[in-house]
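The block underneath contains the structure these notes are about, expressed in C-alpha cells.
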Amino acid sequence: MALLTPPFTEEKIRSLKVGDMVEISGVLFTARDAVHQCLHSGKYPLPCNWKDAIIYHCGPVVIKDGGKWIVKAAGPTTSIREEPYEYDVIKNFGVRGVIGKGGMGAKTLQACKEFGCVYLHAIGGAAQVYAQKITNVNGVYLYDEVGSPEAIWEFQVKDFPAVVTMDSNGNSLHEEILKLSSERLTHLRT
Amino acid sequence: MPEKLKSSLLELIQRTSSELPKDVEASIRRAVSHEKVGSRARYAFDIICENLELAKKAKQPICQDTGSILFFVKAPIGSNQHEFEAAACEAVKEATAYGYLRQNSVDSLTGKNSGNNLGPGNPYFHFEQNAKTPTRQHANTSVRLILKGGGCENCGTQYSLPDKRLDAQRNMDGVSKCLLDAVLQAQGKGCAPGILGVCVGGDRATGYMHSKEQLLRPLDDKNPNPELAKMEGDVMDKANKLFIGPMGFGGECTLLGCKIGALNRVPASFFVSISYMCWADRRQGAELDEEGKIVKWLY
C-alpha cells in the first residue's frame, strides 16, 4: 500500500502503475455529470483550482447539522458517463488523478498518457468506508445551480484507499478484463 | 394522515438503505471465500464487507446512490391507496432530510433537483390486492421496497429477438445468449457481482417492469418453472466463468443471482428484458397490521 500525498506532481503520478494500491491524503474535488457537461459547454467557468488536483466521480449524501456539512455517504459513481468530457478536463485544468468506478475509455487513457494522470478505482457501494476517510468538508461549489449530488464538494481526506486501474503508460485493467471475459464467453459458446 | 404508518415506512426505508437482506449478505460472504487472498477481487470484497458492518452500525446508507424508490404493495380489498401513498411520501421526505436517502429526484427538463425525492414518478408505487376472499391474515398489508441505484440501472437492457449480432433466435438458447451478453457488456460498471432480474416476453414496458419484480425474489428461492430454474442455474454457472469479478477487477464471482420470469407476448414481438442489480441489493419488506404497525419483516 503506497501513500499518495500532495503535491500530486506529474512525476509522482507517472510512477504509478495499474494494480498499485494507494491511500490518498489531501484534497479531493467531486465532479460528475452536471459539472462535466457544464465545463464542456462553458455554461459555468470552473469555480475552483484543479491544477495538480484529484477529482472524484461521486454524488455524496451530505446534510447540514448545526451549520456544519456532515458527509453521510460518499462512494464512487460510474465513470464511463464522463468519457466524452474527461480528456478536455485533464488537458485544460491540469487534473492529475480521477477517482471513480467501472473504468474509463480510450480517450481518457490517452489523456493520462499525454498529460500525466491516472484513473483510480474506488469500490462501488462502499459509501461508509469512504465517508469515514473524509475529515472535513472544505467547501462546496455550484450547489444552488446543480443541486447537492451534482455539486463540486471539496473534501479533505486521509488514507482514502483506491487501486490504479488506468495508468499514464497506456495500460488499462478494464481493457484487459473486457478482452479476457469476451474470449471466455466465445469459448463457452463453442 | 396515519402517523404509525408513516413511522413504519420511515423505518422500512432506513433499514433498506443501511442493511442488506439476509439472503444477499449470506451470498456475498460465501462469494468472498472463492476469491484468492491478496487478489484485487478479494480487496474489493474486503472493503464491501467492512462497509456492510459500518452501514448497519451507523444506520447510514450502504451506498450513497439510494437510487429509485420502488414500493410494491399488497393491500386488502377496500384499503385506501391515497392514504398509503401520502404516508409513504412523507416518510420519503423525512428519510431524505435524515440522510437515509440521497436527494435523487431530478427534473428531466430543467435539471433541477427537487431536494426531497418527490416528483413525477417518484417514488414509484405498484399496488396489488390481497386474496379475493379476505381472511384475518389478508387484512394485513405487505410492503416491499427496492432502492435501485442509477449505476446498475444503466446496465439494464432489452433485447428484441431474433438478434443478428448475438445470433440469438426466439428460443431458450437465444434468451441465454442475451443474458450472458448483458453480463459481458456490464463488466464492472453496475458494481458486480450483480443480480439479474429477467423477463422473457411481455411488451417493452411490462417486460421491463416484470424483470424488476423478479428482484423481489430471495436469492435462495427456486423458480417453480423447471425450464426457467435450469436456465437460471446455467446462466449463473457460465457468467461466473467469465472472470469479470467484483467491480470488473477480474475474479470468480460475477453474478450473485439470476431470476427469470415470463409473460405472454404478441406474435410479432419477443423481448428479453433485463434489470441489472448491483451487489448492494437493497431490498426489504414488512407486513403491516391494520394500524400500520410492523408485525414482521419479510426478508
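If you read the sequences in order, they're chains W and V. The numbers in the numbering used here rise by one with no breaks, and the one at position 27 of the first sequence is 1386. The numbers in the numbering used here rise by one with no breaks, and the one at position 220 of the second sequence is 240. Ideal Cβ positions, reconstructed from N, Cα and C, are used throughout, including at glycine.
{"Asked": "Separation of E307(V) from N160(V), as counted between CA atoms", "Found": "7 Å"}
{"Asked": "Within-8 Å CB hit, A75(V) to chain W", "Found": "yes"}
{"Asked": "Members of the region 60-73 of chain V that neighbour chain W once the beta carbon cut-off is set at 8 Å", "Found": "R60, Y63, A64, I67, I68, E70 and N71"}
{"Asked": "Neighbouring residues, chain V, relative to M1380(W) (Cβ below 9 Å)", "Found": "R60 and Y63"}
{"Asked": "Beta-carbon separation (whole angstroms), A75(V) vs S38(V), contact threshold 8 Å", "Found": "5 Å"}
{"Asked": "Cβ-based burial, N1408(W) [other Cβ within 10 Å; buried from 16]", "Found": "exposed"}
{"Asked": "Any C-beta of chain V under 8 Å from that of I1458(W)", "Found": "no"}
{"Asked": "Bridge partner(s) assigned by DSSP for D183(V)", "Found": "A188(V)"}
{"Asked": "Buried versus exposed call for H102(V) [16 or more other C-beta atoms within 10 Å across all chains shown]", "Found": "exposed"}
{"Asked": "Min CB distance M251(V) to chain W below 8 Å", "Found": "no"}
{"Asked": "Amino acids of chain V, ordered along the chain, whose beta-carbon sits closer than 8 Å to that of I1422(W)", "Found": "A117, Y118 and G119"}
{"Asked": "Classification of P1435(W) by the beta-carbon crowding that lies within 10 angstroms, buried from 16 upward", "Found": "buried"}
{"Asked": "Reduced DSSP secondary structure (H/G/I, E/B, other) of S196(V)", "Found": "helix"}
{"Asked": "Beta carbon proximity, H1480(W) to chain V, threshold 8 Å", "Found": "yes"}
{"Asked": "Sequence-distant residues of the same chain with beta carbon closer than 6 Å to V1499(W), five excluded per side", "Found": "A1510 and W1512"}
{"Asked": "When L235(V), A117(V), G271(V) and L25(V) are compared against A212(V), the one with the closest alpha-carbon", "Found": "G271(V)"}
{"Asked": "For R224(V) and F291(V), the rounded distance between their alpha carbons", "Found": "7 Å"}
{"Asked": "Chain V within 8 Å of S1400(W), Cβ atoms only", "Found": "no"}
{"Asked": "Against chain V: residues of the region 1428-1460 of chain W by CB proximity under 7 Å", "Found": "K1431, A1432, A1433, G1434, T1436, T1437, I1439 and K1460"}
{"Asked": "Near-chain W residues of the region 295-315 of chain V - C-beta to any C-beta below 9 Å", "Found": "C298, W299 and A300"}
{"Asked": "Ranges of the alpha helix (DSSP H) found wholly within the region 59-120 of chain V, counting only runs of at least 4", "Found": "60-78 and 101-118"}
{"Asked": "Beta-carbon gap between V255(V) and L200(V) smaller than 8 Å", "Found": "yes"}
{"Asked": "Bounding residues of the alpha helix (DSSP H) (the contiguous stretch that carries T1389(W))", "Found": "Where T1389(W) is concerned, there is no enclosing alpha helix (DSSP H), although the beta strand (DSSP E) it sits in stretches over M1380 to T1389."}
{"Asked": "Chain W contacts made by the region 191-220 of chain V, where a contact means CB separation under 7 Å", "Found": "L200, L204, Q207, G208, K209 and C211"}
{"Asked": "Residues that M267(V) contacts on chain W, provided the C-beta gap is smaller than 8 Å", "Found": "K1460, G1461, H1480, I1482 and G1483"}
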